[in-house]
């Protein structure tokens, strides 16, 4: 418990700053930061700890987003009620995609996940039930509180924060348990891990399912806040790439790495969007590319790794 | 018999790397697998470890057929191994490497940590417990592989050239460690190039040549066997020596 004391003032700042800032622009960025931290932390379970670099996590994000808006469009339920459906679909897809691709190593696994995600994006763009290329809309005005349609970004910020806290506590518990060590062993070398009795395929699949669950929740929350989902904004490759960059920038395979990456990257992205106008996707790609280059060239372990190196301590001791 | 392998065949395309090899290991033995380079001993060893199921033949461990079981099932049954080129988890500390092994029999962290402490103490790795495995030299990494294997609480330990690449002084330390493993009741099968190791450690040596077992018995008798000398030196040279 002693080592958790330093977290207390930090938690206070995280809880109180949006109230003091009072500006909806900053509050909205705050909500987006937390949302990006949720997706990246979810990706981190399989991509960081287990070292299986999925570039197809948009599949689960999109499943969550579409599920939320599909239960609203077709059943008239509040979008948040789509969360279990999104999770169920994501789990099925995780097993269908993970079972064959986990036999592939390294880049081949990453390439297979890109292919799977692009396939699903194309299918979604041609499936009328979920609006095909146009996508789905959420409720324009709140019918009840359960619709979670707010004018202010503040409620979203706090809801997202709750989910992030749950995910990070789960990750912290996993990190110290057998599963955390087994995933890191898989990352360190599958042949050695198997020789020590680690059921590699089973643990990879389990990590992917847990990861898919929370990525799907992040997708649903995104749809609830934005009230809109289409193939490009929820299933595009940029969604997957963003999770990887956010996690890798802060430190893949560390508890707080994705959160730190989100705190740095999302405001930067919002700034480039504001400064260069429009959706800014072109400039966003350039910024992402530059970050990938810098991380891989100078600090593959991410910023947390850099910090621990400066302090002269081994990583994740 | 603890381990019984019979008629094991391992082929790579046209090449029969292991051609109907037999090996039996009794509980408490130290068996050395020797032979010139490319004799098939490492391929045979990997079949015993479950890395690649043999194309033919049968492997029994404590009476169970393990021929087609993977390395993770082997570990669970009590067969541990090391690798010729050490495969330590570089980004984890020495203690964490061992902890991964200890988690096989102990799902709770406190119990696994207790095993890890014992193993680190036993193998002399305790002073470097918190060092990153990637920072160890070859002798350290070879010892860490033994420690990690030991943490799975094996009954049979397969050592693949665990002493190759060590200086003579380091070899002596490693021989001491292997002796103490044996005293602990662990049966050992060792693949080794260094003849001195086999002569001092093994109770029985099995000689491979061109994928077949050509001799087996007490190491000193085996190394003087004309067929073995011929395998190592070639027929013409061994004839010259005998004349």
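Residue numbers (this note's numbering), protein chains in the order written: chain E, 1 to 317; chain P, 1001 to 1243. In this text, a Cβ means the ideal position worked out from N, Cα and C, and glycines have one as well.
- Not a single CB atom of chain E sits nearer than 8 Å to the CB of residue 1140 of chain P.
- Going by DSSP, residue 1205 of chain P is part of the beta strand (DSSP E) stretching over 1204 to 1209.
- For residue 1190 of chain P, the uninterrupted beta strand (DSSP E) run begins and ends at 1187 to 1191, by DSSP.
- Of all residues in the stretch 1098 to 1121 of chain P, the ones placed with a Cβ closer than 7 Å to any Cβ belonging to chain E are 1099, 1100, 1101, 1103, 1104, 1107 and 1109, in chain order.
- Residue pairing for residue 1006 of chain P: DSSP places it in a beta bridge opposite P/1058.
- Residues are counted here when their Cβ sits less than 7 Å from a Cβ of chain E; for the stretch 1064 to 1079 of chain P these are 1070, 1071, 1072, 1075 and 1076, given in chain order.
- Residue contact check for residue 1045 of chain P against chain E: no CB pair falls below 8 Å.
- DSSP, reduced to helix, strand and coil, places residue 42 of chain E within a helical segment of the structure shown.
- Taking a Cβ-Cβ cut-off of 7 Å, the neighbours of residue 1152 of chain P in chain E comprise 196 and 197, given in sequence order.
- The residue from E/108, E/81, E/73 and E/61 with its alpha-carbon nearest to that of residue 93 of chain E is E/61.
- If you draw a 10 Å sphere on the C-beta of residue 73 of chain E, you find 16 or more other C-beta atoms in it, and that means buried.
- Per DSSP, residue 1087 of chain P is not a residue of any beta strand (DSSP E), being assigned neither H nor E.
- In the same chain as residue 179 of chain E, and ignoring 5 residues on each side of it, the C-beta atoms closer than 8 Å to its own belong to 203, 206 and 207, in chain order.
- In this structure the stretch 1167 to 1180 of chain P does not touch the stretch 1001 to 1008 of chain P; the number of beta carbon pairs closer than 8 Å is below three.
- With respect to chain E, the C-beta atom of residue 1081 of chain P has a partner C-beta closer than 8 Å.
- In the DSSP assignment, residue 1020 of chain P falls outside any alpha helix (DSSP H) and within the unbroken beta strand (DSSP E) covering 1015 to 1025.
- At least one CB atom of chain E sits nearer than 8 Å to the CB of residue 1089 of chain P.
- For residue 1012 of chain P, DSSP records a beta bridge to P/1015.
- In the assembly as shown, residue 1034 of chain P is a buried residue. Its beta-carbon has 16 or more other beta-carbons within 10 Å.
- Residue environment analysis places residue 240 of chain E among the buried positions, since at least 16 neighbouring C-beta atoms fall within 10 angstroms of its C-beta.
- Per DSSP, the beta bridge partners of residue 228 of chain E are E/137.
- Beta-carbon to beta-carbon, residue 67 of chain E and residue 234 of chain E are separated by about 11 Å, too far to satisfy the 8 Å threshold.
- With a contact defined as Cβ atoms closer than 8 Å, residue 1021 of chain P and residue 1217 of chain P miss out at about 16 Å.
- Between the C-alpha atoms of residue 175 of chain E and residue 127 of chain E there is a straight-line separation of about 40 Å.
- Interface flag for residue 37 of chain E against chain P is unset, since no Cβ pair is found closer than 8 Å.
- Below the 7 Å Cβ cutoff, chain E contributes 184 and 188 as neighbours of residue 1092 of chain P, in chain order.
- Contact fails between the stretch 255 to 272 of chain E and the stretch 154 to 162 of chain E, because fewer than three Cβ pairs, one in each stretch, are under 8 Å apart.
- Short of 7 Å from the beta carbon of residue 263 of chain E, and not among the five residues preceding or following it, lie these beta carbons of its own chain, in chain order: 33.
- Among the residues facing chain E, residue 1148 of chain P is included, as its CB has a counterpart in that chain under 8 Å away.
- In this structure, residue 222 of chain E and residue 35 of chain E form a Cβ contact; the two beta carbons are roughly 6 Å apart against a cut-off of 8 Å.
- Residue pairing of residue 1065 of chain P in beta bridges, as defined by DSSP: P/1060.
- For residue 198 of chain E, there is no enclosing beta strand (DSSP E), as DSSP marks it with neither H nor E.
- DSSP, reduced to helix, strand and coil, places residue 1079 of chain P within a strand of the structure shown.
- Counting C-beta pairs closer than 8 Å gives three or more between the stretch 1152 to 1159 of chain P and the stretch 1062 to 1081 of chain P, which meets the contact rule.
- For the pair residue 27 of chain E and residue 152 of chain E, the CB atoms are nearer than the 8 Å cut-off.
- Contact between residue 1039 of chain P and residue 1209 of chain P holds: CB atoms are separated by about 5 Å, below the 8 Å threshold.
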